[in-house]
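Read the structure below first, then the notes.
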Amino acid sequence: MGRKVTVAVCTLNQWALDFDGNLQRILQSIQEAKEAGASFRSGPELEIWCRSCSQTRLPLKERLEFDPDQV
Numbered sequence: 001m002g003r004k005v006t007v008a009v010c011t012l013n014q015w016a017l018d019f020d021g022n023l024q025r026i027l028q029s030i031q032e033a034k035e036a037g038a039s040f041r042s043g044p045e046l047e048i049w050c051r052s053c054s055q056t057r058l059p060l061k062e063r064l065e066f067d068p069d070q071v
């Protein structure tokens with residue numbers, strides 16, 4: 001027989017530029033998944049978004065050349 005796996009799937013209410021709040025919601029969902037006995041946790045596609053709104057409006061050429069370490 002195979003092994004039993006529990007997967008936690010979550011959606012989060014993430015906000016642009018609310019980096020601390022977004023991080024806290026991610027960490028809280030990880031804790032809840034652990035408490036529920038999940039082996040794996042799956043979150044939304046853009047759960048961790050490190051750019052500000054202004055950077056998302058850059059022209060394509062500038063976005064391709066963007067280096068977040070220089071900010």
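Residue 57 in the UniProt record's numbering sits at position 57 of the sequence shown, and the numbers go up by one each step. C-beta atoms are modelled at their ideal positions from N, C-alpha and C, and glycine is treated no differently.
{"Query": "DSSP state of S39 mapped onto helix, strand, coil", "Result": "coil"}
{"Query": "Bridge-paired residues (DSSP) for residue 101", "Result": "As shown, the chain starts at 1 and ends at 71. That puts residue 101 outside it, with no answer to give."}
{"Query": "Backbone secondary structure at I48 - three-state DSSP", "Result": "coil"}
{"Query": "Which of helix, strand or coil DSSP assigns to V71", "Result": "Per-residue confidence for V71 stands at a pLDDT of 49, beneath the threshold of 50, marking its modelled position as unreliable; the derived number appears in the next sentence. Correct three-state label for V71: coil."}
{"Query": "Beta-carbon proximity list for L27, same chain, < 7 Å, skipping 5 on both sides", "Result": "none"}
{"Query": "Separation of A16 from N22, as counted between CA atoms", "Result": "9 Å"}
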